[in-house]
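Trainee:
In the working numbering, the protein residues as written are 9 to 277.
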């Protein structure tokens, strides 16, 4: 198949389901990403004058789903990036597997899977076997095999990573809100993300406070999005309250405290 490069070509995906105003209905759109808008990284490898594309090449902007401005059903993005997820593993551009016509692509971030259907050029052919890119970039591992099944697995991995990022952002935001609430209630915030060493294990306390009424040290754990504490976390809470803990690490309070201090835990949602 013809190798991909900066001279053109197009990735097409369907359905790219996006929520569309005014009723926020999930409507399937086609999604188009053109090779001309790609960000290449193999500038000194030219195919008919255009820099070659590989698994690290991304197309930052796609089109077709433009009316779905309430964002994609899965990715929470619209008109977002496209990147190839299958490749030719035995042809490397700058050490990264090359992509070609029929390479599968992840489009509108992770909202849909498409394919390169319009070639970039008609001179250079890549005849190697197909392969799936299991995460181009740091920590990425190539996964042998290609086709819709490989694309679905790659899409699931990408969607899971995106969901974890959203959960982390939501959790960090809620922690900041709870910290502000505690200060407003008059408690002294002694530290956040404080490491505590108990006789059984180590744990990280979301927010460490000195209670305004009792003057005692308390741990405040923050749960967002309806999350609940696991049995293991509850066991750590019980151990820290009954057997005590030593506050360690760079986020530990600067003021002197007993080496072993019993700390009860409060959970806020």
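The C-beta atom is built at its ideal place from N, Cα and C for all residues, glycine as well. Note that the structure is a prediction, hence the values are computed from the model and not measured.
If you scan the stretch 78-108 from start to end, which runs of the beta strand (DSSP E) of 3 or more residues do you find wholly inside it?
Mentor: 90-92, 94-101 and 104-106
Trainee: Between the C-alpha atoms of residue 22 and residue 247, what's the straight-line distance to the nearest angstrom?
Mentor: 53 Å
Trainee: Can you check DSSP and say which residues form a bridge with residue 276?
Mentor: 230
Trainee: Pull up the DSSP beta-bridge partners for residue 203, would you.
Mentor: 212 and 256
Trainee: Looking at the strands, I want to know which residues DSSP matches up with residue 71.
Mentor: Answer is 40.
Trainee: Answer with buried or exposed for residue 162, where buried requires no fewer than 16 other C-beta atoms within 10 angstroms of its C-beta.
Mentor: Under this definition residue 162 is a buried residue.
Trainee: Pull up the distance between the alpha-carbon of residue 93 and that of residue 216, whole angstroms please.
Mentor: Cα to Cα, residue 93 sits roughly 44 Å from residue 216.
Trainee: When burial is assigned at 16 or more other CB atoms within 10 Å of the CB, is residue 77 buried or exposed?
Mentor: exposed
Trainee: Count the other CB atoms within 10 Å of the CB of residue 61; is the residue buried (16 or more) or exposed (fewer)?
Mentor: The residue is buried, with at least 16 neighbouring Cβ atoms inside 10 Å.
Trainee: Looking at the strands, I want to know which residues DSSP matches up with residue 113.
Mentor: 92 and 122
Trainee: Would you call residue 130 buried or exposed, if buried means 16 or more other Cβ atoms sit within 10 Å of its Cβ?
Mentor: exposed
Trainee: Between which residues of its own chain and residue 275 is the CB-CB distance below 7 Å, once the five residues before and five after are set aside?
Mentor: 229, 231 and 237
Trainee: Please report the straight-line C-alpha distance between residue 200 and residue 68, rounded to a whole angstrom.
Mentor: 36 Å
Trainee: Is there contact between the stretch 170-179 and the stretch 218-225, where contact requires at least three CB pairs shorter than 8 Å?
Mentor: no
Trainee: In angstroms with no decimal places, state the Cα-to-Cα distance between residue 28 and residue 270.
Mentor: 53 Å
Trainee: Secondary structure at residue 219, three-state DSSP: helix, strand or coil?
Mentor: Coil, per DSSP.
Trainee: By DSSP, does residue 12 sit in helix, in strand, or in coil?
Mentor: coil
Trainee: Tell me which residue opens and which closes the alpha helix (DSSP H) that residue 31 is part of.
Mentor: No residue range can be given for residue 31, since it is assigned to no alpha helix (DSSP H) and is classified by DSSP as neither H nor E.
Trainee: Going by CA-CA distance only, name the one from 210, 57, 106 and 34 that's closest to residue 65.
Mentor: 106
Trainee: Which residues in the same chain as residue 72 place their Cβ atom closer than 7 Å to its Cβ, once the five residues preceding and following it in sequence are excluded?
Mentor: 24, 37, 38, 39 and 40
Trainee: Just the C-alpha distance for residue 257 and residue 211, rounded to the nearest angstrom, thanks.
Mentor: In a straight line, the C-alpha of residue 257 is about 11 Å away from that of residue 211.
Trainee: So, for residue 205: in the same chain, excluding its five sequence neighbours on each side, which residues have a beta-carbon less than 7 Å away from its beta-carbon?
Mentor: 253, 254 and 256
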